[in-house]
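Residues -27 to -1, 1 to 972 in mature numbering (1 follows the signal peptide of the UniProt record, and there is no 0) are what the sequence shown lists, from first letter to last. Beta carbons: idealized from backbone N, C-alpha and C, even for Gly. Owing to the predicted nature of the structure, the values given are computational and were not obtained by experimental measurement.
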Amino acid sequence: MRWKSKMTGLLVFVMVVALLPFGPAYAAGDPGGSAGDTVTNLVYNKQPVLSVESGDAAVRTSEQAKVKFLTDSLLGTGDWGKEGSTRYASFFRNIGRSLVIDLGQPSTLREVNVRALDDPSAGIYKPDYLAVSVSNDDGQSWHFLGKIPNSAAVKLDAKQYVYTLGGLNVKASKIKISFEVDVFIFLDEIEALGLTQVAADAVVPAGPDFSPYLPNEEHKFPAPGSAQVGGLKHEYLLYGGWHTNGTVYLPRTYQDMLPVVAYIDGDGVIQDWFYDTILFMNYATSSQNRSYISASTVTSAAYASNKEDWQEYADLLFKPDVQLAALEQAVADVKTKLNQPDYKYKVYISIPKALPIQNHFGVVNGKTLNFDHNAVGDDQALDNRMAAVKWYVDLLMQKWEAAGFKHLSLEGFYWYDEAVHNYASNREEELVKQSTAYVHAKGKKIHWIPFYQAAGAFRWKELGFDFAFIQPNYAFYTSPKTRPTDTADLAKRFGLGVEMEVHHNIFRDEALRTKFYDYLDQGVTAAYMKESALAWYWATDTFQLAYKSKVARDRKIYEDTYNFVKGTYPDKYVPPVIENPGNNPDDGTDDTPGSGPVSGGSGPGPGSGPGPVTVQPSTPDGERQTIGREQLGGSRDGQVTIQLPAGVREAVLPADELAKLGDERLVLHFGAASVLVPAAVLKQITELAADGNGARAEAIVTARPVAADQAGDKKPAGASGGLAVTAAGDLYEFAITIVPAGGQTSVELDRFSEPVNVEVPYRKGAVNENLIGLYVYNESTKEWDYVGGRADASKGVVTAALNHFSTYAVLEYDKTFADVGKTDWAYEAIRSLSAKHLVEGVSARAFEPSRSVTRAEFATLLVRMLGLTKDASGAAPAFAFADVTRSDWHYDAIAAASDAGLIQGRSADAFKPQATISREEMAALMVRAYAYASGTRPAGTAAERYSDESDISEWARADVYAASEAGLMQGTGDERFAAKSAVTRAEAVQAIYNLVKQR
């Protein structure tokens, strides 16, 4: 999704489906028959083989283990509440799949049936199609028999369908089932009905195999500047309107447009054109918090956009001085500067999704439009949705004509929805085809940007789009380092362009900065820099921040992007040496879940230490209190503590007196809130305050509470999709400001040389301490980012170490999942670690507790919990595993775990990252993690305690005893430890939770 919900967390999990015994009505259990002339299930108990697999190794391992269920004649059920093993084989994104089944002998194929699950509430959709091919020469050549669209699938019950290709009479030795994968595809039984011998009248198939790809001669990117893309080379996606659930109004101004339209050098001089096309896109919701796109929050018509919302965005587009008017003026100025009077700047405008759940869109041409097919029928719902699209296209073209732009050219439109599902009821494909045809009838182009492996992505031409780009989704999710190149390969195969993506945290997260340069570097090696028209997604104001930045390495992002756009970018990113990381255009927060020091991680928290001296300052002047040298002179045990009177929000400190504190710390108590400034930061303050003339400068430390209900745009969000976010107390605005002598401009200290510890109060008794944490308000994204911290229930505060100051709040993050009930044994652990942002579900409502965990996944989870990072010196890691390379997504985590002494390989040179981790292996890692965190290894006696004691490997025995005795793990509930059993996600989360509680 363009609206990154952060749903993809550390682990990828598949859905769990219960077992239902099945006895087929034909001879499924008697393959063949003695005479070979009985119609039977030719694939019964024959092992399917994935001939086209996921590109993700962890997903591939899981899928390979599941396909055996496809031919066992035992049917799965969509009832999540029942006990039992899944009989569905699940497939997760990445690419379409092909399943090959060897029939064992030449046979006669009469009919193919495949069952599929359809449960949109859990993110599971039945396939857009299933294609059937056969081979008679051991798979050397394949012949396409037919394609079953999902509109032809027969509904068996509320969630299950069967796809049937019948009327066959063909010779076959092998069969192949091919299908695309959107997010989740769940298949059950594959039945190939026929004879175990070749009938006299059987047809020997000929002709080519099925392929979703374009013909070979079309395997190329859409060329930049070509007629196909209307001359477009680089398209900038410009979002505007209402953001963050309709609370933030962001019309785009002339200042926003100018650096997009023109390359402006470091001296502020316009030198060249930059992007040649802008796509105007509305944010996800209107000012009334109604959605323009599909989302898990759109649970009723009340949350779906209507005519009023569509009109609102159209009016904003043509509002004076912003949006299109601002672009018009920016282009006019650049044309004058570059002396190109005939230049026309290309514009595309997005078409919102006519959401099928909307039952009262509004009146169009005298008719009230209802999109709900359950209320008006499939045909009428389609006609009504199409009427809304026509009305909106006509509206925009009328407004464009009336505006009389001289420097802009409306090239066409953009289809906002990022996947096109071929559901019989909603008729999405038909809506798209009618919409693209209507735009063409108006003499305009229309294009599309589906997400990675989205439904319909590779059939963009069939849907009627003039061109399309594909999202790699690399900047936002854990993906192989080769994802941009892999995406480019797919794009080229299907005639798609590539979308470039930039995360809003690029300035403060080196991993995200590296990902940005991966897009650029691989653009050179995979040729899309020069050979493909490109779309560019920049989160919120990230592009403008890079342009305005005074930090050389951040401004370089703007410069390197320009070079890439012009086709002159080099093919290697060399991270620069950072001498001064200050003046960061972003808010500087490290948002890595669980990372960074917390109380005790880098020295004592505010007010800690034996018997600090508390000094009462003189009477305050309103909210500001000046601290005299006498108050700063009292110290005990290396710490000066100042208890400020009630109501004081700012402590004014003379810089020359701070310099005299030397190696002592300073603690300021602002009521229940506290700030501990370490000696290194006090030195940083005094150095910045010095002017060389001995003049007296001051430092102001601010801790200002703001009531959550008076926070305006910063008010934390409420509840949706199983998530409730609640402010647990006042928001706090923290700052350290240097005021030079002589009335010079004050300077805010925006980056600390050492973390500053704070205590932020919360309402004791009103929240669950397991679910609260400290969050920082990100001014760039207008969202709250998780920082971490530790709750002290005795004092009613959350303590955290911060690398910079901003606006912070203690929030309660209560996330629940439909498949994890309150009575489930791991319920509290999953809630707690979700609140700490260590684990997430596969969707807004599904967690999948029963999915097994790989060794790489568990090592990564452990590293995140402990806040470990790979050695930044560039030294080689302690391990020498041949199966863990620098391009692997888990490389940094395994390097960090190895350096910390937490992990070992299964052999001297093999870690086996994609193998499932066993319970005894997890026990060993938990004990080492316990020792790493506490400095002491938990004791474990050798007394026999499990009935399957003999199954525990000798090397793991002591760790199993220690993990059990320390309360990190327990048996399976039947006096067994199950040492060799694969660890489930619920077990992994519970173990980590047990360790967190003991830290």
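Taking just the CA atoms, how far does residue j sit from residue i?
i: Q201; j: N751; result: 40 Å
i: V336; j: A361; result: 9 Å
i: L436; j: V366; result: 18 Å
i: D294; j: E301; result: 9 Å
i: S199; j: K503; result: 12 Å
i: S273; j: L15; result: 46 Å
i: G496; j: F537; result: 8 Å
i: A931; j: F65; result: 38 Å
i: A819; j: P79; result: 44 Å
i: E960; j: G769; result: 31 Å
i: I530; j: N357; result: 46 Å
i: P728; j: A708; result: 13 Å
i: F516; j: Q353; result: 44 Å
i: K120; j: V233; result: 45 Å
i: D229; j: Y490; result: 23 Å
i: K521; j: A681; result: 31 Å
i: T842; j: P325; result: 42 Å
DSSP three-state call for residue i: helix, strand or coil?
i: R432; result: helix
i: W283; result: helix
i: Q407; result: helix
i: R763; result: strand
i: S80; result: strand
i: R225; result: coil
i: V177; result: coil
i: D352; result: helix
i: T11; result: coil
i: A680; result: coil
i: K953; result: coil
i: N751; result: strand
i: K488; result: helix
i: M942; result: coil
i: Q616; result: strand
i: F449; result: coil
Beta-carbon separation of residue i and residue j under 8 Å?
i: S860; j: P445; result: no
i: L811; j: R837; result: yes
i: A479; j: T460; result: Correcting the residue type first, residue 479 is Ile in the shown sequence and not Ala. Result no, Cβ atoms of I479 and T460 do not sit closer than 8 Å.
i: V107; j: L72; result: no
i: T957; j: R824; result: yes
i: V87; j: I148; result: no
i: E948; j: Y919; result: yes
i: L252; j: S323; result: yes
i: V625; j: Q657; result: no
i: K249; j: L205; result: The question names Lys, yet the displayed sequence has Asp at residue 249. Cβ atoms of D249 and L205: closer than 8 Å.
i: Y256; j: S264; result: no
i: L160; j: A235; result: no
i: W373; j: I419; result: no
i: P648; j: A670; result: It should be pointed out that residue 648 corresponds to Val in this sequence rather than to Pro. Not a contact, by the Cβ cut-off of 8 Å.
i: W433; j: L404; result: no
i: L704; j: V679; result: yes
i: T458; j: A506; result: no
Starting from the C-beta of residue i, find all residues in its chain whose C-beta is less than 7 Å away, skip the five residues before and the five after it, and write them out in chain order.
i: L806; result: V812, V962, I965 and Y966
i: Q20; result: K41
Assuming residue i and residue j form a contact by the criterion Cβ under 8 Å, report the distance between their Cβ atoms to the nearest whole angstrom.
i: A773; j: L747; result: 5 Å
i: V793; j: Y786; result: Not quite, the Cβ-Cβ distance comes to about 16 Å (not below 8 Å), so this is no contact.
i: A104; j: F117; result: 7 Å
i: K109; j: S146; result: With the sequence shown as reference, residue 109 is identified as Asn, and Lys is not the correct amino acid for it. Their Cβ separation, rounded to whole angstroms, is 5 Å, which keeps N109 and S146 in contact under 8 Å.
i: G203; j: E384; result: 5 Å
i: E474; j: Y510; result: 5 Å
Excluding the 5 residues flanking residue i on each side, which residues of the same chain have their C-beta closer than 6 Å to its C-beta?
i: T513; result: H477, S753 and T754
i: E285; result: S259
i: V127; result: V135
i: P651; result: R638 and E727
i: M899; result: A936, L941 and A964
Sorted by chain position, which residues of the same chain lie with C-beta nearer than 8 Å to residue i's C-beta, five sequence neighbours on each side aside?
i: V412; result: V366, G385, F386, K418 and I419
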